[in-house]
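A.B. asks: In numbering that gives the first Met the number 0, the protein residues as written are 0 to 423.
Structure provided below as structure tokens; questions to follow.
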Amino acid sequence: MLQVSVLREQRERIVNGLAKRGLKDAAELVDSAIALDQSRKDTQKQADDLKAKSNAEAKRIGELMKAGKADEAATLRAAIAGEKEQLKTLEQELSKLEESLKVQLYKIPNVPAERVPAGAGADDNVTVHEHGAIPQLGADALPHWELIKKYDIIDFDLGIKITGAGFPVYKGKGAKLQRALINFFLDEAEKAGYREMLPPIVVNEASGYGTGQLPDKEGQMYFIQEDGLYLIPTAEVPITNLYRDVIFTEDQLPVKNTGYTPCFRREAGSWGAHVRGLNRLHQFDKVEIVQVCKPEDSYRVLDEMCTHVQGLLEKLELPYRKLLLCGGDMGFNAAVTYDMEVFSAAQQRWLEVSSVSNFETYQANRLKLRYKNKEGKTQLLHTLNGSALALPRIVAGILENNQTPDGINIPKVLVPFCGFDKIS
RNA sequence: GGAGAGGUGGGUGAGUGGCUGAAACCAGCAGUUUGCUAAACUGUCGUACAUGUCAAAGUGUACCGGGGGUUCGAAUCCCCCCCUCUCCGCCA
0 MLQVSVLREQ RERIVNGLAK RGLKDAAELV DSAIALDQSR KDTQKQADDL KAKSNAEAKR
60 IGELMKAGKA DEAATLRAAI AGEKEQLKTL EQELSKLEES LKVQLYKIPN VPAERVPAGA
120 GADDNVTVHE HGAIPQLGAD ALPHWELIKK YDIIDFDLGI KITGAGFPVY KGKGAKLQRA
180 LINFFLDEAE KAGYREMLPP IVVNEASGYG TGQLPDKEGQ MYFIQEDGLY LIPTAEVPIT
240 NLYRDVIFTE DQLPVKNTGY TPCFRREAGS WGAHVRGLNR LHQFDKVEIV QVCKPEDSYR
300 VLDEMCTHVQ GLLEKLELPY RKLLLCGGDM GFNAAVTYDM EVFSAAQQRW LEVSSVSNFE
360 TYQANRLKLR YKNKEGKTQL LHTLNGSALA LPRIVAGILE NNQTPDGINI PKVLVPFCGF
420 DKIS
């Protein structure tokens, strides 16, 4: 969430920025938070003053008692009898205001960065880079959901049997391809200086709030009622929350982590013809990269992360394009997002395989993730993350784009990881 | 799951109702000393909100796992929850 102090000091910039998301009531949202904060401050001042007064009186009573002036103490005690009630009222009012302010702040999405174009949805995203030639397939080319049956490498029906729709079973070379991709991605990330982490894939409520999945998106996460835990929708959640309530020193930065986890998404109500096969799943595998850095470095880091992701796609010889998302298509928490999309030749569609975002201080504020700068001041850090990469659509791209009459060619870089160069 | 013990500042650890935002020690930081290192000595050393300021200093409030309660006053007493450790049970 945004800091109220920033709302107060940069109201114009924020309201104008939020307009790029197509938020119609941006000004009202911001002003109402500012107003609540002002009431909060006023009430806190009253409460603090009253507490200061009663602290002094309590101290005085103690001194009188010690001096043996019990009757004077009793007189004073009687004189301040009403204060407690008054204080209680003030404190209740204060916590109500704090709660309302928090709820209000939760409603305000991150402010799009300077470079983000205004826009309502996917049509307004800007293609900033394209790489690789679109493969020309014959008329008999199959979409991946046919190919996986033909070669018996991924089985949706078995998944339905043991779990449900959207939970495929990877078989034989299909399973091995998953493992190869995970290892390839992790090795590449490590070469780029990321430290590998293997976090839990269920998290508590506090972590959900830390990275901004909660409140609001609880419907997207699987929830384990009995223990109050959520299955992670992305490794971003556990890996970023590692640094909740942490104050770094400057020499510990930047933090560069990577991690492989399965990801779980309920995707309630988002099914249809365009999400057949591997295009959308309830459980999928992903390698994530996460960085925590100083504010002045975050845009250089964002470029670095994009370059890393693009390098992976180039090594896999997949044609892709890089999109700068417009305000209306960005996630709630992001200040900038670049999406990488692979062209899936049999579907004749671009598939999103990575999303690289700079959250600036939006997550750090909730996480209380800060560092002590050279002047000894504690200030919020910037967090960034990106998929590097999400597997299913990569698999879809590889299968579709590399199909030949006598099998599917495995990209050269993966062969050492797979142990085979063709699925036939 | 059952029984017991315990959760205090970066760490160790004192503190059972007022003089404790918190002793002492260690680590850290700054300085003195020093050919360098080490040692010694001196000082400093939590976070948040508010107030104040060009900035700061200063001042007020809150925080001793979390939440509630008792009291004029709570780290200290009471209740609930969470977590850690030990033993037993179960188990990859």
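We treat Cβ as the ideally placed atom computed from N, Cα and C, and that holds for glycine.
Computed from a predicted structure; not experimentally measured.
Would you report the Cα separation of Y221 and R264, rounded to the nearest angstrom?
C.D. replies: Position 222 of the first sequence holds residue 221. Position 265 of the first sequence holds residue 264. Between Y221 and R264, the C-alpha separation is close to 7 angstroms.
A.B. asks: Ends of the alpha helix (DSSP H) at L388?
C.D. replies: The residue labelled residue 388 in the question sits at position 389 within the first sequence. Unbroken run through L388 is the beta strand (DSSP E), H381 to A389; no alpha helix (DSSP H).
A.B. asks: Pull up the distance between the alpha-carbon of G218 and that of A267, whole angstroms please.
C.D. replies: Taking the first sequence and counting its residues from 1, the one referred to as residue 218 is at position 219. Taking the first sequence and counting its residues from 1, the one referred to as residue 267 is at position 268. Cα-Cα distance, rounded: 7 angstroms.
A.B. asks: In angstroms with no decimal places, state the Cα-to-Cα distance between C292 and K58.
C.D. replies: Here residue 292 is taken as the residue at index 293 of the first sequence, counted from 1. Here residue 58 is taken as the residue at index 59 of the first sequence, counted from 1. Straight-line Cα distance between these residues: approximately 46 angstroms.
A.B. asks: Could you work out which residue in Y337, N408 and Q103 is closest to L398 when comparing CA atoms only?
C.D. replies: Stepping through the first sequence from its first residue, residue 398 is reached at position 399. For L398, the closest alpha carbon among the candidates Y337, N408 and Q103 is that of N408.
A.B. asks: What does the alpha-carbon distance come out to for the pair R39 and N256?
C.D. replies: Sequence index remark: in the first sequence, residue 39 carries index 40 (1-based). Sequence index remark: in the first sequence, residue 256 carries index 257 (1-based). Roughly 38 angstroms between the two C-alpha positions.
A.B. asks: Considering V352, what are the terminal residues of the beta strand (DSSP E) in which it resides?
C.D. replies: Locating residue 352 in the first sequence gives position 353, counting from the first residue. Element bounds for V352: R348 to E359.
A.B. asks: So the beta strand (DSSP E) R194 belongs to, where does it begin and stop?
C.D. replies: Here residue 194 corresponds to residue number 195 of the first sequence, with the count starting at 1. Per DSSP, R194 belongs to the beta strand (DSSP E) from R194 to M196.
A.B. asks: Have a look at N124, A32 and K19 and flag the residue whose alpha-carbon is nearest the alpha-carbon of L1.
C.D. replies: The count along the first sequence starts at 1 and reaches residue 1 at position 2. The option with the nearest alpha carbon to L1 is A32.
A.B. asks: Do you know offhand how far E8's Cα is from I107's?
C.D. replies: By one-based count along the first sequence, residue 8 stands at place 9. By one-based count along the first sequence, residue 107 stands at place 108. Looking at the two C-alpha atoms, the distance is approximately 16 angstroms.
A.B. asks: Just the Cα atoms here: how many angstroms apart are G67 and E92?
C.D. replies: As a first step, residue 67 must be located in the first sequence, where it is residue number 68. As a first step, residue 92 must be located in the first sequence, where it is residue number 93. So the two alpha carbons sit approximately 38 angstroms from each other.
A.B. asks: Could you tell me which uninterrupted alpha helix (DSSP H) segments, each at least 4 residues in length, are contained entirely in the segment 4-54, listed from first to last along the chain?
C.D. replies: 10-18
A.B. asks: Three-state secondary structure (DSSP) at C325?
C.D. replies: Residue 325 sits at position 326 when you count from the first residue of the first sequence. Residue state, collapsed to three classes: coil.
A.B. asks: Check the DSSP bridge columns for Y169 and list the partner residues they point to.
C.D. replies: Numbered from its first residue, the first sequence carries residue 169 at position 170. DSSP, once it has assigned bridges, lists I153 as partnering Y169.
A.B. asks: Roughly how many angstroms lie between the CA atoms of E340 and L324, to the nearest whole one?
C.D. replies: Counted from its first residue, the first sequence places residue 340 at position 341. Counted from its first residue, the first sequence places residue 324 at position 325. Here the alpha carbon of E340 sits roughly 12 angstroms from the alpha carbon of L324.
A.B. asks: Are the Cβ atoms of L322 and V127 separated by less than 8 angstroms?
C.D. replies: Stepping through the first sequence from its first residue, residue 322 is reached at position 323. Stepping through the first sequence from its first residue, residue 127 is reached at position 128. Contact: yes.
A.B. asks: For D302, which three-state DSSP category applies?
C.D. replies: For the purposes of this step, residue 302 is taken as residue 303 along the first sequence, with counting starting at 1. In the structure shown, D302 sits in a helix (DSSP, three-state: H, G or I).
A.B. asks: Please confirm whether Y259 and V286 have their CB atoms less than 8 angstroms apart.
C.D. replies: Taking the first residue of the first sequence as position 1, residue 259 is located at position 260. Taking the first residue of the first sequence as position 1, residue 286 is located at position 287. Yes, the pair counts as a contact, with Cβ atoms nearer than the cut-off.
A.B. asks: Just tell me which of Q85, L228, F183 and P261 has its CA closest to the CA of Y208.
C.D. replies: Here residue 208 corresponds to residue number 209 of the first sequence, with the count starting at 1. For the residues Q85, L228, F183 and P261, the minimum Cα distance to Y208 belongs to L228.
A.B. asks: Is the Cβ-Cβ distance between A334 and A112 less than 8 angstroms?
C.D. replies: Locating residue 334 in the first sequence gives position 335, counting from the first residue. Locating residue 112 in the first sequence gives position 113, counting from the first residue. Yes, the pair counts as a contact, with Cβ atoms nearer than the cut-off.
A.B. asks: Return the bridge partner residues of K160 from the DSSP annotation.
C.D. replies: Working through the first sequence from its first residue, we reach residue 160 at position 161. Its beta-bridge partners do not exist; DSSP assigns none.
A.B. asks: Taking 6 angstroms as the limit between beta carbons, can you name the residues of its chain near E316, skipping five residues before and five after?
C.D. replies: Taking the first sequence and counting its residues from 1, the one referred to as residue 316 is at position 317. If we look at E316 and ignore the five residues flanking it on each side, its Cβ neighbours are P410.
A.B. asks: What residues match up with F222 in a beta bridge as DSSP calls it?
C.D. replies: Taking the first sequence and counting its residues from 1, the one referred to as residue 222 is at position 223. In the DSSP output, where bridge partners are listed per residue, F222 has Y229.
A.B. asks: Tell me M339's beta-bridge partners as DSSP assigns them.
C.D. replies: Numbered from 1 along the first sequence, position 340 holds the residue referred to as residue 339. Looking at the DSSP assignment, M339 forms a beta bridge with K321 and S353.
A.B. asks: Under 8 angstroms, with one C-beta from each stretch per pair, do the segment 77-94 and the segment 33-53 reach the 3-pair mark?
C.D. replies: Flag = yes, the segment 77-94 and the segment 33-53 touch.
A.B. asks: Would the beta-carbon of L383 fall within 8 angstroms of that of Y370?
C.D. replies: Residue 383 sits at position 384 when you count from the first residue of the first sequence. Residue 370 sits at position 371 when you count from the first residue of the first sequence. Cβ atoms of L383 and Y370: not closer than 8 angstroms.
A.B. asks: DSSP three-state call for F416: helix, strand or coil?
C.D. replies: Here the question's residue 416 lines up with position 417 in the first sequence. Looking at F416 - three-state DSSP - the assignment turns out to be helix.
A.B. asks: According to DSSP, simplified to helix, strand and coil, what is G120?
C.D. replies: Reading the first sequence from its first residue, position 121 is the one you call residue 120. Coil at G120, not helix or strand.
A.B. asks: Identify the continuous alpha helix (DSSP H) that holds N240 and give its terminal residues.
C.D. replies: Position 241 of the first sequence, counting from 1, holds the residue named residue 240. N240 -> alpha helix (DSSP H) spans E235 to N240.
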